[in-house]
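Down below is the structure, laid out as structure tokens.
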Amino acid sequence: YANVVSSFYGAKFARHVEELLVSPMPHWLIILGYLAGGVARGLSVGAAVTLVALFFADLQVHDVLALILVAALTSAVFSLGGMINAIYANSFDHISIVPTFVLTPLTYLGGVFYSIHMLPPFWQQVSMFNPILYIINGFRYAMLGISDVPVYTAYLILLVTIVVLFAYTLRLFRKGIGMRG
1 YANVVSSFYG
11 AKFARHVEEL
21 LVSPMPHWLI
31 ILGYLAGGVA
41 RGLSVGAAVT
51 LVALFFADLQ
61 VHDVLALILV
71 AALTSAVFSL
81 GGMINAIYAN
91 SFDHISIVPT
101 FVLTPLTYLG
111 GVFYSIHMLP
121 PFWQQVSMFN
131 PILYIINGFR
141 YAMLGISDVP
151 VYTAYLILLV
161 TIVVLFAYTL
171 RLFRKGIGMR
181 G
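See the structure below:
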């Protein structure tokens with residue numbers, strides 16, 4: 001998230017994003033470039049943190065392929081979210097609004113510290129609309145082999161979220177929202 005939001009907003013602030021917009025490069029390719037950079041950084045940071053954690057804990061992984069898949073999908077979701085935030089941001093202060101007031105509450109309400117089965121039925125249903133729940137349960141399955149939701153549902157929700165965020169980002173690019181002064 002932070003890589004893409006800071007990179008793209010920095011390009012907007014320095015006004016060199018305009019050079020990308022007038023280049024013959026299609027908008028989807030520009031988005032894909034920032035997305036690839038965000039995913040690469042997300043996976044690199046995740047791998048580095050995991051390596052450091054190995055010095056302090058005996059880390060058991062239930063399904064390595066599931067871990068890599070959910071890490072890549074999660075990195076893509078947050079990269080696209082960061083790009084959308086950067087498009088709408090009008091100052092450096094604006095890039096911290098989404099992490100503070102959207103992502104943090106959704107993370108705490110997404111079942112990080114508890115199983116959603118501990119909630120009353122009404123709140124279990126409400127939790128199903130939280131996309132962070134599916135990210136958390138994807139990682140929970142990969143590490144522990146358990147999940148509050150079917151793991152393939154989590155993957156599907158992440159893929160759909162990526163497609164929707166990519167399409168929305170492409171729409172913002174095509175309309176020039178937040179990019180032209």
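Counting in the numbering used here, the sequence shown runs from 1 upward without gaps. Every residue gets a Cβ at the ideal spot worked out from N, C-alpha and C, and that includes glycine.
Check, Outcome
"Would DSSP call residue 86 helix, strand or coil?", "helix"
"Short of 7 Å in beta carbon distance, which residues of its chain neighbour residue 207, apart from the five on each side in sequence? Order them along the chain.", "Outside the displayed range of the chain (1 to 181) lies residue 207, so it cannot be described from this structure."
"What are the complete alpha helix (DSSP H) segments, minimum 4 residues, inside the segment 109-167?", "121-127 and 131-144"
"Is residue 15 helix, strand or coil when you go by DSSP?", "coil"
"Do you know how far the Cα of residue 41 is from the Cα of residue 49?", "12 Å"
"Indicate whether residue 159 and residue 67 have their beta-carbon atoms separated by less than 9 Å.", "no"
"Considering only the alpha carbon of each residue, which of 1, 12 and 132 lies closest to residue 177?", "12"
"What's the gap between the Cα of residue 123 and the Cα of residue 56?", "36 Å"
"Is the number of C-beta pairs between the segment 100-116 and the segment 128-139 that are closer than 8 Å three or more?", "yes"
"Note the first and the last residue of the continuous alpha helix (DSSP H) segment covering residue 31.", "27-53"
"Just the C-alpha distance for residue 29 and residue 155, rounded to the nearest angstrom, thanks.", "24 Å"
"Are at least three pairs of beta-carbons, each pair with one atom in the segment 3-23 and one in the segment 79-87, less than 8 Å apart?", "yes"
"Below 9 Å between beta carbons: does that hold for residue 71 and residue 43?", "yes"
"Count the other CB atoms, across all protein chains shown, that sit within 10 Å of the CB of residue 90; report buried if there are 16 or more and exposed otherwise.", "exposed"
"Give the DSSP-derived three-state secondary structure of residue 57 in the structure shown.", "coil"
"Between the alpha carbons of residue 64 and residue 22, how many angstroms are there, rounded?", "42 Å"
"Helix, strand or coil, according to DSSP, for residue 23 in the structure here?", "coil"
"Skipping 5 residues on each side, what residues in its chain have a beta carbon closer than 6 Å to that of residue 149?", "137"
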